[in-house]
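Just below is one structure, and these are the notes that go with it.
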Amino acid sequence: MTAPIGLLGGTFDPVHIAHLRTAIVAKEQLGLNEVRLLPNHIPPHRATPDSAPAHRLAMVRLAAAATPGLVADERELTRSTPSYTVNTLAALRAEQGDRPLCFIMGMDSLCSLDKWHRWQELLEYAHLVVSHRPGWKPKLNTRLTALLEHHGTQDRERLHQTPAGHIFLLNNPELEVSSTQIRNSIKAGNNPQYLLPEAVANYIRQQGLYTGTMV
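Residue numbers for the sequence shown follow my numbering, so the first one is 30 and each next one is one higher.
Structure representation (structure tokens):
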């Protein structure tokens with residue numbers, strides 16, 4: 030079976046080093062063929078992004094171009110409806126046939142997974158790869174505890190051998206960096222250097238993003 034494809038969604042407003050390190054670690058630890066970065070258009074679980082879809086896609090493309098194995102995927106930005114993960118995974122499954130798909134999320138997302146749209150269907154289309162801090166035990170409710178017990182595996186080969194259906198806990202100490210932190214720093218006139226790729230930082234300056242002076 031062909032090597033799995035990784036999928037990492039988010040508003041990416043802006044894309045930063047924590048997003049990119051998670052994607053790189055997932056690719057290396059799991060032997061993924063590539064990781065696709067999927068910027069949301071209308072995120073269903075958070076406020077509307079500060080910058081326009083075209084800007085966020087441009088920043089993701091710049092970050093992906095500078096990072097081997099990462100690819101920008103704009104499919105969610107072409108929709109006028111909320112970016113429900115289950116719809117994206119169903120579309121990718123139709124395109125990819127039996128190729129394994131690994132949807133990468135944070136532990137906070139797993140802890141609230143039963144609030145997602147049609148969450149029970151997610152594992153029909155992909156594996157869930159959960160980025161977490163080693164030694165930290167999540168506070169899962171009864172439903173999600175049962176889900177993890179039934180579908181959990183730490184054998185990466187299972188992610189290669191089946192198209193979907195497993196939950197894998199990725200050993201990935203997450204960086205304490207957030208898009209909100211970066212936006213607030215720029216708004217205050219501070220330098221976000223080293224929190225995001227240089228090409229993305231240059232784009233933000235050129236476009237006047239997060240300062241109220243967009244060109």
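We treat Cβ as the ideally placed atom computed from N, Cα and C, and that holds for glycine.
Contact check, residue i vs residue j under 8 Å by CB: the rounded distance?
i: residue 41; j: residue 85; result: 5 Å
i: residue 129; j: residue 88; result: Not a contact, Cβ separation roughly 28 Å.
i: residue 136; j: residue 160; result: 7 Å
i: residue 152; j: residue 180; result: 6 Å
i: residue 54; j: residue 213; result: At roughly 26 Å, the Cβ-Cβ gap does not stay under 8 Å, so residue 54 and residue 213 are not in contact.
Does the separation of the CB atoms of residue i and residue j fall below 8 Å?
i: residue 98; j: residue 68; result: no
i: residue 193; j: residue 146; result: no
i: residue 83; j: residue 60; result: no
i: residue 133; j: residue 158; result: yes
i: residue 70; j: residue 208; result: no
i: residue 117; j: residue 105; result: yes
i: residue 47; j: residue 37; result: no
i: residue 222; j: residue 230; result: yes
When you compare only the Cα positions, how much space is there between residue i and residue j?
i: residue 81; j: residue 206; result: 21 Å
i: residue 142; j: residue 148; result: 6 Å
i: residue 167; j: residue 65; result: 26 Å
i: residue 199; j: residue 62; result: 17 Å
i: residue 237; j: residue 139; result: 35 Å
i: residue 218; j: residue 34; result: 39 Å
i: residue 101; j: residue 171; result: 36 Å
i: residue 233; j: residue 177; result: 40 Å
i: residue 144; j: residue 216; result: 33 Å
i: residue 183; j: residue 72; result: 30 Å
i: residue 154; j: residue 241; result: 41 Å
i: residue 120; j: residue 204; result: 31 Å
i: residue 94; j: residue 122; result: 25 Å
i: residue 243; j: residue 173; result: For residue 243, the predicted model reports a pLDDT of 49, less than 50, meaning its position is unreliable; a value from the coordinates is still stated below. The straight-line gap from Cα to Cα measures roughly 43 Å.
i: residue 57; j: residue 90; result: 21 Å
Thinking just about the alpha-carbon of each residue, which of the options is nearest to the one in residue i?
i: residue 49; options: 225, 125 and 111; result: 225
i: residue 195; options: 202, 208, 70 and 175; result: 175
i: residue 220; options: 53, 239 and 204; result: 239
i: residue 110; options: 144, 201 and 77; result: 77
i: residue 185; options: 178, 197 and 177; result: 197
i: residue 187; options: 131, 203 and 94; result: 131
i: residue 211; options: 79, 56, 58 and 125; result: 79
i: residue 190; options: 93, 173 and 127; result: 127
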